[in-house]
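Below: the structure, in structure tokens.
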Amino acid sequence: MDSLNAIVLLSNYVFIPSLVYGSQLALGALGVTIVFGIMRFANFAHGEMMSFATVSTIFITWWFQSIGFTTGILPTALLALPFGILITGLLVWAIERSVFSYYRQRKSKPVIFVIASVGVMFMLNGVVRLFIGTDEIIFMDGLKFLIKAGEFKKWSGLKEGLALKQTQVLTVLLAILAVSWLFWFLQKTKMGKAMRAFSDNEDLALLSGIDPEKVVRATWFISAVLITLAGVLYGLDKSYKPLIYFHLLLPIFAAAIVGGIGQPLGAILGGYIVAFSEVTTTYAFKKFLRYLGPEGWSPEGLVQLLSTEYKFAVSFLILVLVLLIRPTGLFKGRVL
Amino acid sequence: MALLLGIVGATQSWNVSLAILNLCLISAVMSLGLNIQWGYAGLFNAGVMASTALGGLAAVLVSYSPVGEAWAVGGLDTGLAFITLVSTVLGAWLIRKKVPEGSIRRVIFFVWLLGGYALLRHFYEQASLSIEAVDPAQTGFLGGLGLPILISWIAGGATAAGLAWVVGRVALGLRSDYFAIATLGISEIMISILKNEDWLTRGVKNVTGLERPVPYEVDLQQSQWFIDLVIRLHSADPNQVSEEAFQEMVMSASGVFVKLCYSGFFLTVLLVILGLAALALNSPWGRMMRAIRDNEIAAAAMGKDVTNRHRQVFILGSAVIGVAGAMLTTLDGQFTPGSYIPLRFTFLIWVMVIIGGSGNNLGAVLGAFITWFTWIEAEPVALWLVENLNSFLSEQNPLRQHFINVAPHLRMVVMGLIMILVLRFRPAGILPEKNTNRTD
Numbered sequence: 000m001d002s003l004n005a006i007v008l009l010s011n012y013v014f015i016p017s018l019v020y021g022s023q024l025a026l027g028a029l030g031v032t033i034v035f036g037i038m039r040f041a042n043f044a045h046g047e048m049m050s051f052a053t054v055s056t057i058f059i060t061w062w063f064q065s066i067g068f069t070t071g072i073l074p075t076a077l078l079a080l081p082f083g084i085l086i087t088g089l090l091v092w093a094i095e096r097s098v099f100s101y102y103r104q105r106k107s108k109p110v111i112f113v114i115a116s117v118g119v120m121f122m123l124n125g126v127v128r129l130f131i132g133t134d135e136i137i138f139m140d141g142l143k144f145l146i147k148a149g150e151f152k153k154w155s156g157l158k159e160g161l162a163l164k165q166t167q168v169l170t171v172l173l174a175i176l177a178v179s180w181l182f183w184f185l186q187k188t189k190m191g192k193a194m195r196a197f198s199d200n201e202d203l204a205l206l207s208g209i210d211p212e213k214v215v216r217a218t219w220f221i222s223a224v225l226i227t228l229a230g231v232l233y234g235l236d237k238s239y240k241p242l243i244y245f246h247l248l249l250p251i252f253a254a255a256i257v258g259g260i261g262q263p264l265g266a267i268l269g270g271y272i273v274a275f276s277e278v279t280t281t282y283a284f285k286k287f288l289r290y291l292g293p294e295g296w297s298p299e300g301l302v303q304l305l306s307t308e309y310k311f312a313v314s315f316l317i318l319v320l321v322l323l324i325r326p327t328g329l330f331k332g333r334v335l
Numbered sequence: 000m001a002l003l004l005g006i007v008g009a010t011q012s013w014n015v016s017l018a019i020l021n022l023c024l025i026s027a028v029m030s031l032g033l034n035i036q037w038g039y040a041g042l043f044n045a046g047v048m049a050s051t052a053l054g055g056l057a058a059v060l061v062s063y064s065p066v067g068e069a070w071a072v073g074g075l076d077t078g079l080a081f082i083t084l085v086s087t088v089l090g091a092w093l094i095r096k097k098v099p100e101g102s103i104r105r106v107i108f109f110v111w112l113l114g115g116y117a118l119l120r121h122f123y124e125q126a127s128l129s130i131e132a133v134d135p136a137q138t139g140f141l142g143g144l145g146l147p148i149l150i151s152w153i154a155g156g157a158t159a160a161g162l163a164w165v166v167g168r169v170a171l172g173l174r175s176d177y178f179a180i181a182t183l184g185i186s187e188i189m190i191s192i193l194k195n196e197d198w199l200t201r202g203v204k205n206v207t208g209l210e211r212p213v214p215y216e217v218d219l220q221q222s223q224w225f226i227d228l229v230i231r232l233h234s235a236d237p238n239q240v241s242e243e244a245f246q247e248m249v250m251s252a253s254g255v256f257v258k259l260c261y262s263g264f265f266l267t268v269l270l271v272i273l274g275l276a277a278l279a280l281n282s283p284w285g286r287m288m289r290a291i292r293d294n295e296i297a298a299a300a301m302g303k304d305v306t307n308r309h310r311q312v313f314i315l316g317s318a319v320i321g322v323a324g325a326m327l328t329t330l331d332g333q334f335t336p337g338s339y340i341p342l343r344f345t346f347l348i349w350v351m352v353i354i355g356g357s358g359n360n361l362g363a364v365l366g367a368f369i370t371w372f373t374w375i376e377a378e379p380v381a382l383w384l385v386e387n388l389n390s391f392l393s394e395q396n397p398l399r400q401h402f403i404n405v406a407p408h409l410r411m412v413v414m415g416l417i418m419i420l421v422l423r424f425r426p427a428g429i430l431p432e433k434n435t436n437r438t439d
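Those protein sequence lines, which keep their order, are chains Y and A. The opening position of the first sequence corresponds to residue 0 in numbering that gives the first Met the number 0, with each subsequent residue numbered one higher. The opening position of the second sequence corresponds to residue 0 in numbering that gives the first Met the number 0, with each subsequent residue numbered one higher.
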């Protein structure tokens with residue numbers, strides 16, 4: 000019984016949250032990695048793009064709610080999602096046309112792209128706040144819990160409860176859906192193959208008659224889809240705060256680099272590695288060990304590797320370690 | 000620029016104008032530091048904030064008077080923790096040096112580190128708990144050395160240089176955008192350490208009431224010579240103006256006087272660093288740095304040690320930024336770890352350097368002045384614009400209130416826009432780098 004309690008405790012506080020958070024990071028890291036694979040620069044505006052995508056989805060959600068266009072069980076934001084993707088797609092396309100395409104034509108160094116993306120980051124940061132302010136926004140509606148902790152306790156007779164939020168299930172499901180779609184797209188469609196060829200060897204791809212403009216457009220659109228999904232799912236699961244999205248940039252970069260930047264599979268793996276290590280290193284294992292140990296025994300201290308305040312620092316410790324030991328990441332990077 | 004500050008002085012107040020000037024001067028030192036890294040050597044340092052914050056920490060640790068009680072209860076454990084840390088690192092280094100490579104070394108290494116960590120955790124937890132328990136509302140940290148705060152400006156540079164040495168060991172030699180991400184990450188780690196290690200920095204409880212290198216306004220308002228000075232400057236007879244008006248005059252004059260004292264200090268530092276930077280840029284060393292920046296492979300082929308030179312320039316630039324960080328904390332009179340955010344302390348400095356002209360020292364200074372001025376004045380201008388554009392909206396209209404609330408964020412948009420436009424249409428900045436490669 001005690002070991003069952005321990006398992007439930009761990010899944011409730013460690014396993015499920017990290018799985019969900021990891022899926023969100025993986026979606027974000029996939030966006031970074033796709034852009035990096037084709038255009039060869041780290042997009043510092045990624046976090047703010049996610050923020051923008053979430054805000055546009057929130058506005059459409061509010062509009063839907065005001066005209067009563069809701070499902071009752073599923074969150075309304077899910078209905079607004081396609082429109083959010085569309086708006087975000089238009090935005091990144093506008094940014095691409097007005098900012099990045101110029102430097103690509105001139106074949107500028109990657110650093111110049113990065114600086115330009117910092118400029119974009121500033122602008123989007125301001126624009127988002129102009130529209131929505133700086134307050135925390137909860138835009139989740141519909142059914143909140145699929146399994147409630149109390150009901151679970153009653154049903155199973157265990158001491159520990161297990162709660163499962165709808166957003167958690169949605170996140171994992173949508174992440175699986177998006178990732179399978181992405182892999183199908185990259186492996187099977189003509190455009191996907193063109194993208195992979197372009198990422199592998201730009202000159203050869205150009206020689207074989209691949210239109211770079213089309214590849215770039217497809218890349219930005221895919222990244223817009225991933226950006227919106229990651230942003231909205233994160234916002235639904237936690238809540239929307241403009242500042243948080245800038246901070247998300249850091250674990251997302253960490254995930255992309257840990258897995259090997261430019262490698263979709265690596266980005267997914269990196270997302271989960273970062274999420275699981277963030278949660279496990281800052282979780283206090285005291286209660287867990289008490290269940291496993293002999294009756295009446297309790298470990299000294301909290302058995303916590305790092306205090307919770309260092310959550311964000313963990314992803315960077317991993318990042319630094321990977322850069323030191325294996326700078327290419329787990330999978331050798333730079334090719335889609 | 001002087002004209003703009005003059006306009007602010009005349010329309011808002013001279014106190015506001017001088018406050019902007021002081022921060023302009025500090026920002027100029029920061030952007031000089033970043034210019035040394037980016038303009039001279041082409042290093043994309045996205046961790047400017049870490050140097051700034053460490054400079055600020057140095058200001059606290061140098062100037063705050065030591066908290067005797069905290070040392071008494073936690074000093075021993077702190078010392079033991081420190082000794083454990085040093086001996087763990089030294090031992091790890093020795094193991095790597097002496098024991099032949101193989102699985103045995105890996106095991107010894109791992110066990111050694113684990114043991115060191117456990118011991119460190121033990122001492123550290125005792126120390127931090129007992130220190131933080133000492134009068135937490137007032138102190139709850141070890142305090143500093145109680146030295147004059149001006150010394151901390153040098154100490155700030157030294158601390159930041161020390162961190163840069165470590166960061167350089169880890170991150171230099173990576174591709175430029177990897178380097179940017181790594182430095183950004185390390186700076187975030189630094190900030191979270193400053194926020195959470197209460198025994199050292201009081202964390203988010205902030206350290207306030209730091210000693211000042213200049214007189215206090217209140218003392219000035221009471222001293223006779225200052226009142227005489229105000230009378231002479233205004234050529235006014237205290238008997239002719241009302242008592243309150245005169246008080247007002249003395250108060251604003253004392254504010255101006257204090258800020259001018261700060262400006263004097265900051266200007267001196269800025270001029271010294273500017274002079275040194277200009278000398279360095281025109282020396283053979285500066286030529287070598289530019290050669291490395293423009294073509295690393297060619298420079299390496301000519302026998303230049305690229306990584307070592309990069310480390311050198313990275314440390315120098317961070318030291319300059321550290322000095323600026325200490326100056327900033329001195330000016331504020333308080334150390335607030337929570338206020339360090341990358342947008343303001345890393346990327347804004349980047350805007351300064353890009354706008355001013357990378358590689359040109361005067362450009363970096365000019366960029367700092369323009370950027371900081373815009374950053375501060377965008378808010379009143381935006382508010383003014385909103386007020387005027389809103390005149391057709393009624394007072395109760397919620398949109399009107401919303402616009403007034405969000406007007407300050409317009410400065411982000413303006414900054415980003417300026418940065419993108421400059422990068423596109425004038426990539427060399429307002430004052431481009433002089434082409435010193437030509438010898439004719």
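In this text, a Cβ means the ideal position worked out from N, Cα and C, and glycines have one as well.
| request: Below 7 angstroms CB to CB, which residues in the same chain sit around A:GLN36 once its five sequence neighbours on both sides are set aside? | output: Your numbering for residue 36 of chain A matches position 37 in the second sequence. Answer for A:GLN36: LEU42, ASN44, VAL312, PHE313, GLY316, listed in chain order.
Subject >> Neighbourhood of Y:SER17 by C-beta, 8 angstroms cutoff - its chain only, sequence neighbours within 5 removed >> reply: For the purposes of this step, residue 17 of chain Y is taken as the residue at position 18 of the first sequence. Closer than 8 angstroms at the Cβ level, and outside the excluded window around Y:SER17, lie TYR271, ALA274, PHE275, GLU277, VAL278, THR279.
field: Cβ-based neighbour list, A:PHE265, same chain, cut-off 7 angstroms, excluding 5 preceding and 5 following
entry: By 1-based counting over the second sequence, the position of residue 265 of chain A is 266. Contacts found: ASN21, LEU24, ILE25, MET326.
Inset, instruction - Compare the C-beta of A:TYR39 with all C-beta atoms of chain Y and state if any pair is closer than 8 angstroms. - result: In the second sequence, counting from the first residue as 1, residue 39 of chain A sits at position 40. With a threshold of 8 angstroms between beta carbons, A:TYR39 makes no contact with chain Y.
- [ ] Determine whether the Cβ of Y:MET122 lies closer than 8 angstroms to any Cβ atom of chain A.
- [x] Residue 122 of chain Y sits at position 123 when you count from the first residue of the first sequence. It does; some Cβ of chain A falls within 8 angstroms.
Collapsed DSSP secondary structure at Y:LEU335 in the structure displayed
Counted from its first residue, the first sequence places residue 335 of chain Y at position 336. For Y:LEU335, the predicted structure reports a pLDDT of 49, less than 50, and the residue's modelled location is therefore unreliable. The matter cannot be settled from this model.
Residues that DSSP places opposite Y:LYS164 in a beta bridge:
Locating residue 164 of chain Y in the first sequence gives position 165, where the first residue counts as 1. Answer by DSSP bridge pairing, in chain order: Y:PHE144.
Query raised in the report: Can you check whether the CB of A:VAL412 is closer than 8 angstroms to the CB of Y:GLY118?
Result: By one-based count along the first sequence, residue 118 of chain Y stands at place 119. By one-based count along the second sequence, residue 412 of chain A stands at place 413. No, these two residues do not count as a Cβ contact at 8 angstroms.
- Message: Does Y:TYR244 come out as helix, strand or coil in the three-state DSSP assignment?
- Response: Residue 244 of chain Y sits at position 245 when you count from the first residue of the first sequence. DSSP places Y:TYR244 in helix when its eight states are reduced to three.
(request) Return the CA-CA distance between A:LEU183 and Y:ILE226, expressed in angstroms with no decimal places. (result) Here residue 183 of chain A refers to the residue found at position 184 of the second sequence. Here residue 226 of chain Y refers to the residue found at position 227 of the first sequence. Each residue's Cα considered, the two are about 21 angstroms apart.
Original post:
Going by other Cβ atoms of all chains shown within 10 Å of its Cβ, with 16 needed for buried, is A:THR83 buried or exposed?
Top reply: By one-based count along the second sequence, residue 83 of chain A stands at place 84. Buried: at least 16 other Cβ atoms inside 10 Å.
Next on the checklist: Determine whether the beta carbon atoms of A:LEU31 and A:ASN360 lie at a separation below 8 angstroms.
Outcome noted: Walking along the second sequence from the start, residue 31 of chain A turns up at place 32. Walking along the second sequence from the start, residue 360 of chain A turns up at place 361. Cβ atoms of A:LEU31 and A:ASN360: closer than 8 angstroms.
Inset, instruction - Tell me whether the beta-carbon of Y:MET139 lies closer than 8 angstroms to the beta-carbon of Y:PRO74. - result: If you number the first sequence from 1, residue 139 of chain Y lands on position 140. If you number the first sequence from 1, residue 74 of chain Y lands on position 75. Y:PRO74 is positioned such that its CB atom lies closer than 8 angstroms to that of Y:MET139.
Per DSSP, which residues does A:TYR261 bridge with? Please list them. Here residue 261 of chain A is taken as the residue at index 262 of the second sequence, counted from 1. Looking at the DSSP assignment, A:TYR261 forms no beta bridge with any residue, so it has no partner.
> So which residues of chain Y does A:HIS408 contact, with C-beta pairs closer than 7 angstroms?
Replying inline: Your numbering for residue 408 of chain A matches position 409 in the second sequence. Chain Y residues near A:HIS408: GLY125, ARG128, LEU129.
Point to revise | Between the CA atoms of A:ALA381 and A:GLU131 - distance to the nearest angstrom | key: Here residue 131 of chain A refers to the residue found at position 132 when the second sequence is read from its first residue. Here residue 381 of chain A refers to the residue found at position 382 when the second sequence is read from its first residue. Rounded to whole angstroms, A:GLU131 to A:ALA381 spans 44 angstroms at the Cα level.
### Query
What residue from Y:LYS213, Y:LEU242, Y:ALA174 has the CA that sits closest to A:HIS408's CA?
For the purposes of this step, residue 408 of chain A is identified with residue 409 of the second sequence, where counting begins at 1. For A:HIS408, the nearest C-alpha among the options comes from Y:LEU242.
Same chain, Cβ closer than 8 angstroms to A:ARG437, five either side skipped, listed in chain order: Locating residue 437 of chain A in the second sequence gives position 438, counting from the first residue. With a pLDDT of 42 at A:ARG437, under the threshold of 50, the modelled position of this residue cannot be trusted; read the value that follows with caution. Result list for A:ARG437: empty, nothing under 8 angstroms.
- Residues that DSSP places opposite A:PHE334 in a beta bridge: What you label residue 334 of chain A is simply residue 335 of the second sequence in a count that begins at 1. Paired residue(s): A:VAL206.
Discussion item. Could you compute how far the alpha carbon of A:LEU93 sits from the alpha carbon of A:LEU162?
Written reply: As a working note, residue 93 of chain A is residue 94 in the second sequence. As a working note, residue 162 of chain A is residue 163 in the second sequence. Rounded to whole angstroms, A:LEU93 to A:LEU162 spans 22 angstroms at the Cα level.
Fill in: Segment contact flag, the region 93-107 of chain Y with the region 163-175 of chain Y, C-beta cutoff 8 angstroms, min 3 pairs
Here the region 93-107 of chain Y does not lie against the region 163-175 of chain Y, with fewer than 3 beta-carbon pairs under 8 angstroms apart.
How about Y:THR56 and Y:VAL231: are their beta carbons less than 8 angstroms apart?
Start at 1 with the first residue of the first sequence, and residue 56 of chain Y comes out as number 57. Start at 1 with the first residue of the first sequence, and residue 231 of chain Y comes out as number 232. Against a cut-off of 8 angstroms, the Cβ pair of Y:VAL231 and Y:THR56 comes out as a contact.
Quick one: what does DSSP say Y:ILE66 is sitting in, helix, strand or coil? For the purposes of this step, residue 66 of chain Y is identified with residue 67 of the first sequence, where counting begins at 1. It is coil, neither helix nor strand.
Which residues in the same chain as Y:VAL334 place their Cβ atom closer than 8 angstroms to its Cβ, once the five residues preceding and following it in sequence are excluded?
For the purposes of this step, residue 334 of chain Y is identified with residue 335 of the first sequence, where counting begins at 1. Annotation note: pLDDT 48 at Y:VAL334 (below 50); position unreliable, coordinate value reported separately. Answer for Y:VAL334: GLY36, ARG195, SER198, ASP199, GLY261, GLN262, listed in chain order.
DSSP three-state assignment for Y:ILE251, whether helix, strand or coil:
By one-based count along the first sequence, residue 251 of chain Y stands at place 252. Here Y:ILE251 sits in helix by DSSP.
* Which whole-angstrom value describes the C-beta separation of A:ILE463 and A:GLY355, a residue pair presumed to lie in contact below a C-beta threshold of 8 angstroms? -> Residue 463 of chain A lies beyond the stretch modelled for chain A, which goes from 0 to 439, so this question has no answer here.
Between which residues of its own chain and Y:MET190 is the CB-CB distance below 6 angstroms, once the five residues before and five after are set aside? Taking the first residue of the first sequence as 1, we reach residue 190 of chain Y at position 191. Shown here for Y:MET190: same chain residues with a beta carbon closer than 6 angstroms to its own, the five before and five after excluded, namely ALA217 in chain order.
Exercise for review: Give the range of the alpha helix (DSSP H) segment to which Y:PHE275 is assigned.
Suggested key: Within the first sequence, residue 275 of chain Y is the residue found at index 276, counting from 1. From DSSP, the alpha helix (DSSP H) with Y:PHE275 extends over 263-281.
Check: Does Y:ALA115 get closer than 8 angstroms to chain A when you measure Cβ to Cβ?
Finding: Position 116 of the first sequence, counted from the first residue, corresponds to residue 115 of chain Y. Taking Cβ atoms only, chain A reaches closer than 8 angstroms to Y:ALA115, which makes this a yes.
| query | When you compare each of A:ALA52, A:LEU17, A:ALA80, A:TRP13 to A:ARG343 by their alpha carbons, which one comes out closest? | reply | Numbered from its first residue, the second sequence carries residue 343 of chain A at position 344. When each option's Cα is compared against that of A:ARG343, the closest is A:ALA52.
For Y:SER41, return the contacting residues in chain A, with the cut-off set at a CB-CB distance below 9 angstroms.
Locating residue 41 of chain Y in the first sequence gives position 42, where the first residue counts as 1. Note that residue 41 of chain Y is Ala in the sequence shown, not Ser. Here the neighbours are ASP176, TYR177, ALA179, ILE180.
In this structure, what does DSSP give as the bridge partners for Y:ILE136?
Residue numbering aside, residue 136 of chain Y sits at position 137 when the first sequence is read from its first letter. Y:ILE136 pairs with Y:TYR239.
- Query: Can you list, in chain order, the residues of its chain whose CB lies under 6 angstroms from that of A:MET48, leaving out five sequence neighbours each side?
  - Reply: One-based indexing of the second sequence puts residue 48 of chain A at position 49. SER186, TYR339, PRO341, PHE344, THR345, listed in sequence order.
### Message
For the structure I just gave you, are there three or more beta carbon pairs, one from the region 252-259 of chain A and one from the region 215-231 of chain A, closer than 8 angstroms?
### Response
yes
* Close beta carbons around Y:ASN4, own chain, < 8 angstroms, minus the five adjacent residues each side -> As a working note, residue 4 of chain Y is residue 5 in the first sequence. Cβ within range, chain order: LEU157, LYS158, GLU159, TYR290.
Next item on the list: Give every residue of the same chain whose Cβ lies closer than 8 angstroms to the Cβ of A:GLY202, excluding the five residues on either side of it in the sequence, and list them in chain order.
Entry: Here residue 202 of chain A is taken as the residue at index 203 of the second sequence, counted from 1. Excluding positions up to five away in sequence, the list reads LEU193, LYS194, ASN195, GLU196, PRO336.
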